[in-house]
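In our numbering, the protein residues as written are 447 to 566.
The following block contains the structure:
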C-alpha cells in the first residue's frame, strides 16, 4: 500500500480508509483466504472509489502488479463486509469507532453510497 501511496500521491484519507478495509479482511472469516497483495489492492481500489479517485489502469499492472478485472471482482465481495463493519448499530461498530479515533476516518453517506454501487 505504501508503494501505491507514493506512486499516486493519494491523500492521507484514502490511505487511512484503505488500512481500515484491510482490517475488515482480518475480521471477517469469508475474506481470510485472500492473499495480502489482493487485500491491499482491493483496499486501495475501494478507498479510491469511495473518494472518487480514478485509478489509471497502469497502476494495477505497474504498482499493484495485479489484473484490474481480478481486483474489481474481489472488491465487490468486500463491500458487504465493509458496510457491515461501518453500520451504526452493527456488532462490529466498536471496532469501526476505534479505527475512526485513530485514523480520523468517518465514512460519509456519499462514500457509503459509492461503495453500494459496486454491489449492483
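Idealized CB from N, CA, C, for every residue including glycine.
Here residue 488 really is in contact with residue 524; their C-beta atoms are around 5 Å apart, less than 8 Å.
By the criterion of a C-beta distance shorter than 6 Å, residue 557 is surrounded in its chain by 496, once the five residues flanking it on both sides are discounted. The shortest C-alpha to C-alpha distance from residue 559 to any of 457, 532, 484 is the one to 532.
Exposed is the label assigned to residue 478, since fewer than 16 other Cβ atoms lie within 10 Å of its Cβ. Just so you know, the alpha carbons of residue 538 and residue 554 end up roughly 17 Å apart.
By the neighbour-count definition (other C-beta atoms within 10 Å, threshold 16), residue 486 is a buried residue. Here the C-alpha atom of residue 461 lies approximately 23 Å from the C-alpha atom of residue 475. Counting only residues of its own chain and dropping the five nearest sequence neighbours on each side, residue 562 has a CB closer than 8 Å to the CB of 525, 529.
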